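Residue numbers (this note's numbering): 4 to 110.
Glycine included, each C-beta is placed from N, C-alpha and C at the ideal position.
Model, not experiment: these values are computed from the prediction.
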């Protein structure tokens with residue numbers, strides 16, 4: 004009576020060797036163990052919505068990009084921010100990379 008472990012998901016060697024650029028400027032690659040699907044990009048904050056731009060005086064004490072891709076104003080202590088209903092001090096997200104189209108939308 005022999006037992007064998009389950010076989011791993013078969014690798015798909017048919018994936019094209021391509022990458023996809025994410026809004027934060029990083030790249031993701033097709034996953035040969037998941038039918039050549041691209042993994043999700045990490046959320047990032049839209050630079051056009053950054054507080055304090057274009058005459059906006061909100062967040063005068065500072066702001067950070069939350070891991071979920073939303074901007075958050077400082078909570079008056081200089082180091083903490085409310086992201087997705089939780090008070091955080093680190094582990095912030097990234098600002099999305101500016102593109103020519105986002106620049107044109109402001110003008």
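For residue i, is the classification buried or exposed, using 16 other Cβ atoms within 10 angstroms of its Cβ as the cut-off for buried?
i	result
residue 84	buried
residue 19	exposed
residue 67	buried
Starting from residue i and walking both ways along the beta strand (DSSP E), at which residues does that stretch end?
i	result
residue 23	22–24
residue 30	30–32
residue 89	89–91
Using beta-carbon positions only, say whether residue i and residue j come within less than 9 angstroms of one another.
i	j	result
residue 81	residue 64	yes
residue 92	residue 69	no
residue 43	residue 74	no
If you draw a straight line from the C-alpha of residue i to the C-alpha of residue j, how long is it?
i	j	result
residue 32	residue 40	8 angstroms
residue 54	residue 76	8 angstroms
residue 100	residue 6	51 angstroms
residue 17	residue 46	28 angstroms
residue 37	residue 79	45 angstroms
residue 22	residue 30	6 angstroms
residue 27	residue 71	13 angstroms
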